[in-house]
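Numbering (the working numbering), first residue to last: 112 to 783.
Glycine included, C-beta positions come from ideal geometry on N, C-alpha and C.
Here the structure is a predicted model, which is why all the values come from computation and not from measurement.
Single-structure report; data block below.
Here is the structure:
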């Protein structure tokens with residue numbers, strides 16, 4: 112019998128003592144001071160939780176225990192995790208053989224030239240009944256657009272041709288079943304092969320993106336496929352994922368789906384809003400669509416599990432952080448006003464904590480594990496949201512929402528310590544752990560290996576402490592033994608290295624940006640090769656806050672804090688380079704040219720190798736994370752060099768025959 116734990120998470124103790132806090136940071140979105148706990152706060156205890164309303168609501172006294180044999184270090188290599196890019200037409204990962212799957216729900220109607228017809232968005236087509244709500248495919252042209260007056264266009268593809276036109280050259284096939292007419296978009300020549308197939312040819316000098324246009328849709332239109340002609344055999348064999356993508360991912364041991372699930376901007380709050388693997392569009396957009404509020408959103412859970420199984424990796428799922436939020440959370444004010452969304456969280460904590468959507472989502476995950484045959488001995492990692500401590504854009508919305516919920520929770524438990532948003536995250540993470548354990552038992556998968564992750568801020572131990580305290584207090588308040596349940600809680604942080612451009616502690620300390628930049632440019636002019644070594648030496652052995660020695664020391668402190676609470680130290684959720692270039696240096700062509708040469712060099716690789724070796728040597732069971740590997744690695748016509756803004760990029764598929772300095776250096780740490 113399925114048990115409904117609707118009470119779990121709503122029961123809170125009222126304790127007498129008020130917590131001691133200090134106000135030492137500013138929320139940049141509102142300039143509101145927030146109370147944070149001292150990093151040295153010791154765990155407190157609480158007891159006396161009321162009994163559940165009925166025996167059928169009682170969770171298991173201990174979580175299911177399974178033998179986790181993977182991921183492991185039996186091969187003598189670390190547990191390397193890869194964070195994947197999102198599903199979008201602009202991603203250069205090229206995940207899917209059917210390129211239409213990367214553009215999501217992007218069908219739109221347009222009038223022919225001088226028709227006078229306005230464009231219709233996907234939401235408008237959806238509301239007009241043009242889109243089949245089961246498949247998310249167009250079933251006809253909207254009224255007034257048929258008879259040669261208009262067309263429905265697919266989402267865009269060939270975005271990367273602006274960077275690598277040779278790579279994206281060649282013949283692309285669009286085929287379908289049923290009755291329809293199609294052409295290559297933007298006036299490109301169309302080869303009509305038969306009534307169900309066209310081909311579009313793009314030469315090596317074509318740097319533009321592309322689309323397909325449906326000029327007529329008749330009966331039975333279905334299964335549209337857009338693919339490179341050389342992939343025809345693979346797509347006909349039923350393959351979903353690009354072979355090169357599978358090969359890249361298979362080198363790692365864990366795949367994290369934060370961007371695939373569009374976690375940082377998602378407004379999913381109930382499982383009925385989730386898309387399914389059977390739907391046509393797999394793009395994460397729209398995360399939110401006020402024009403079509405019932406439109407399914409997000410990447411399918413089964414697709415994520417399928418990818419992990421296909422690549423023989425362990426899976427890391429980011430649970431939508433707004434699960435259980437009542438109606439109204441999507442109102443415009445909550446997308447622009449930090450205090451408003453904080454107040455909403457505070458007013459609705461009880462409803463969120465008691466919502467059945469946490470269990471509903473857990474059931475969906477368990478069902479996906481079963482349907483895609485995820486190995487039971489492979490640990491499944493799950494994490495609520497991402498960086499619910501970050502006040503930068505767009506993270507601030509979730510942080511303020513959890514801040515409000517934490518304020519409500521702490522009002523009921525005045526002995527609770529630490530930042531409210533971290534305390535609430537810990538509490539709801541523990542709630543989800545109990546819900547997921549019940550979902551596994553109900554699905555006959557009690558022998559599934561799993562952990563629920565609390566991800567913190569690497570350099571701020573107090574944020575880990577507050578979240579762990581929230582989780583522990585949840586278990587105690589609900590009559591569960593924290594010593595048993597906390598073992599299912601995993602602590603994780605991000606081991607990014609950074610700091611070389613810092614004005615006070617960087618490689619070239621200076622009074623201001625101009626003085627620092629002048630030193631960089633002078634060093635480039637006088638000894639560009641020698642500067643590469645100085646750069647690497649600084650990151651490997653320097654004393655800056657995010658140089659590698661300090662990263663290791665902070666990681667040790669995080670691990671000790673996890674162990675103090677009886678939790679498991681998982682390792683990294685993200686990591687590697689976070690060396691975003693200051694805007695003033697990005698405007699210097701000489702610096703950008705030098706930076707590209709540096710990142711292609713073995714000196715850049717020496718940093719990555721030292722980073723991986725230092726962390727692996729310190730704890731060979733803890734995860735190492737590389738965030739979003741594939742991306743543009745060229746200086747475009749405007750002088751933009753993407754790794755200056757996104758320094759975690761390892762390089763593109765075809766940059767060099769043997770890769771960039773960074774990805775060459777990581778090879779020894781990856782599976783062959």
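Taken atom to atom, the span from the alpha-carbon of residue 715 to that of residue 709 is near 6 Å. Beta bridge pairing from DSSP links residue 292 with 327. Between residue 527 and residue 513, the CB-CB gap reaches or exceeds 8 Å. By the C-beta criterion, the segment 251-260 is judged not to be in contact with the segment 270-279, since fewer than 3 inter-stretch pairs fall below 8 Å. Ranked by Cα distance from residue 436, the options 351, 293, 515 are led by 515. In terms of Cα proximity to residue 506, the closest of 438, 679, 369 is 369. In the DSSP annotation of this structure, the continuous segment of the alpha helix (DSSP H) that includes residue 418 starts and ends at 412-422. Around the C-beta of residue 449, 16 or more other C-beta atoms lie within 10 Å, and the residue is accordingly described as buried. In the three-state scheme derived from DSSP, where H, G and I count as helix and E and B as strand, residue 378 is classed as coil.
Going by beta carbons, residue 593 and residue 537 fall outside the 8 Å limit.
Counting C-beta pairs closer than 8 Å gives fewer than three between the segment 747-765 and the segment 206-225, which falls short of the contact rule.
Within the model, the alpha-carbon separation for residue 483 versus residue 589 is close to 34 Å. A residue is called buried when at least 16 other Cβ atoms come within 10 angstroms of its Cβ; residue 384 meets this threshold and is buried.
Membership of residue 192 in any alpha helix (DSSP H) is not indicated; the residue belongs instead to the beta strand (DSSP E) covering 191-194. Taking C-beta separations shorter than 8 Å and ignoring five residues to either side along the sequence, the partners of residue 173 in its chain run 592, 595, 596, following chain order.
Rounded to whole angstroms, the gap between the alpha carbons of residue 511 and residue 459 is 13 Å.
In the DSSP assignment, residue 548 falls within the alpha helix (DSSP H) that extends over 531-553.
For a cut-off of 8 Å, the C-beta gap from residue 283 to residue 339 is around 6 Å, short enough to register as a contact. Distance from the CA atom of residue 562 to the CA atom of residue 772, rounded to whole angstroms, is 34 Å. About 5 Å separates the CB atoms of residue 490 and residue 179; that is less than 8 Å, so the two are in contact. With respect to residue 570, residue 656 sits close: the two C-beta atoms are nearer than 8 Å.
By a beta-carbon distance limit of 8 Å, residue 200 contacts residue 266. Their separation comes to about 5 Å. Beta bridge pairing from DSSP links residue 286 with 308, 336. Residue range 468-482 is occupied by the alpha helix (DSSP H) that includes residue 480.
Under the 8 Å Cβ criterion, the segment 667-674 counts as touching the segment 574-582, having at least three qualifying pairs.
Straight-line spacing of the CA atoms in residue 642 and residue 634 works out to 7 Å. When the five nearest sequence neighbours on each side are left out, the beta carbons in the same chain lying within less than 7 Å of the beta carbon of residue 375 are those of 497, 505, 506, in order along the chain. By alpha-carbon distance to residue 320, the top candidate from 488, 270, 355 is 270. In terms of Cα proximity to residue 711, the closest of 176, 239, 745, 237 is 745.
Residue 739 places its beta carbon less than 8 Å from that of residue 194.
The C-alpha of residue 625 is placed about 18 Å away from the C-alpha of residue 706. Taking 8 Å as the upper bound for CB-CB distance, residue 567 and residue 631 are not in contact here, some 33 Å apart. Excluding its 5 nearest sequence neighbours in each direction, residue 457 has C-beta neighbours in its own chain below 7 Å: 515, 516, 518, 519, listed in chain order. The beta carbon of residue 693 lies closer than 7 Å to those of 612, 624 in the same chain, with the five residues before and after it left out.
Here DSSP, grouped into helix, strand and coil, assigns residue 210 to helix. When only Cα atoms are considered, residue 405 and residue 262 end up about 25 Å apart.
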